[in-house]
Amino acid sequence: MTGIVVHGGAGRIPKEMQEDHRRGVARAASIGWDALEHGAVVAVVAAVRYMEGVAPFNAGVCSFPNSDGIIEMDAVVMDDELRTGAVAGITGVRHPVDAALAVMRHSRCVLLAGEGGRRFALEHGVEGCPPEDLLVPEQLDRWGVEWKGAPGDTVGAVALDRHGRLAAAASTGGTIRSPPGRVGDVPVPGAGVYVVRRLGAACATGRGEDIMRVMLARRTLDILETAGPEMAAERAIGEMEGLVDGKGGIIVLDAAGTVGVGRNTKHMPWAAITDEGEMMGGL
């Protein structure tokens with residue numbers, strides 16, 4: 012069995028942006044599916060990398076500015092041997108998921124932050140850019156008004172390859188107008204993503220502080236040990252809401268290629284392709 016699931020963030024999406032989100036996650040799933048022959052890690056990075064480069068997603072070159080008008084990005088990649096690479100508060104790179112992958116492959120560290128993360132990424136061939144190039148008009152327009160869209164407008168992916176290997180990746184520009192230095196759930200293993208070999212992979216989105224408090228991705232996989240992916244996703248979201256009044260969503264893919272999706276927000280665009288080659292998804 013093989014499969015890939017992607018999400019484009021949890022929250023309320025204005026009607027005029029909904030079709031862009033649907034098309035975006037569908038395209039990301041297709042890109043990840045095409046890359047899956049090269050392994051689960053390559054697939055999730057490819058899917059997330061695509062979403063980092065297109066509006067309306069809050070990641071990479073389309074990230075939200077913080078309260079100072081500066082882009083600070085987080086990203087993570089994790090496989091089912093618990094190998095993990097993450098960056099936090101990074102700027103000056105086009106694709107933070109590439110920086111996270113560089114940490115995973117070339118460092119004994121799990122997480123690099125700020126200028127150190129940027130420098131490490133550039134030293135390992137990640138594409139850099141002037142910070143001002145990250146300020147795209149679409150997101151600046153949203154920054155300049157009170158936008159009640161996704162509080163966790165993250166992007167993420169989980170995948171299962173033909174060798175039975177699992178992986179997850181996620182990327183975000185953070186909450187709109189967040190305080191400088193704020194880091195959310197994405198680069199925290201167990202919170203934003205988690206992967207357990209021969210069990211499953213999970214990727215969360217929503218209010219980062221709530222997700223970190225309950226370690227949502229890890230908790231979802233704990234539940235997956237005795238429940239199906241859909242029930243695990245729904246129960247984990249319900250627990251977060253009950254414990255910390257948390258809002259968000261999660262995608263799950265188990266070792267048999269079965270998909271689970273849960274949310275308690277108005278929207279969470281997602282798309283999946285499984286062994287049958289047919290795409291499914293929702294908003």
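If you want my numbering, it's the 1-based position in the sequence shown plus 11. All C-beta atoms, glycine included, are put in the ideal place defined by N, C-alpha and C. This structure is a prediction, so every number in the text was calculated from the model and none was measured.
Asked, Found
"Cβ pair count under 8 Å reaching 3, the stretch 265-285 against the stretch 231-241", "yes"
"For K258, the nearest candidate out of G211, M291 and I222 (CA to CA)", "I222"
"Touching by the beta-carbon criterion (3+ pairs, under 8 Å), the stretch 242-252 and the stretch 25-45", "no"
"Three or more C-beta pairs below 8 Å linking the stretch 201-220 and the stretch 163-183", "yes"
"Entirely enclosed alpha helix (DSSP H) segments - the stretch 207-241, minimum 4 residues", "219-225 and 227-235"
"Which residues DSSP lists as bridging M84, in chain order", "I101"
"Beta-carbon spacing of W281, G288 below 8 Å", "no"
"Residue range of the alpha helix (DSSP H) that includes R129", "G125 to E134"
"In DSSP terms, what G96 is bridged to", "V88"
"DSSP beta-bridge partners of T183", "D85"
"Run of the alpha helix (DSSP H) containing H117, from where it starts to where it stops", "P107 to H117"
"Length of the line joining the Cα atoms of C140 and V204", "27 Å"
"N-terminal and C-terminal residue of the beta strand (DSSP E) that R274 is part of", "V270 to R274"
"Cβ distance (whole Å) where T183 is taken to contact N77 below 8 Å", "Contact doesn't hold; Cβ gap of about 12 Å is too wide."
"The stretch 187-198 contacting the stretch 51-64, beta-carbon criterion three pairs below 8 Å", "no"
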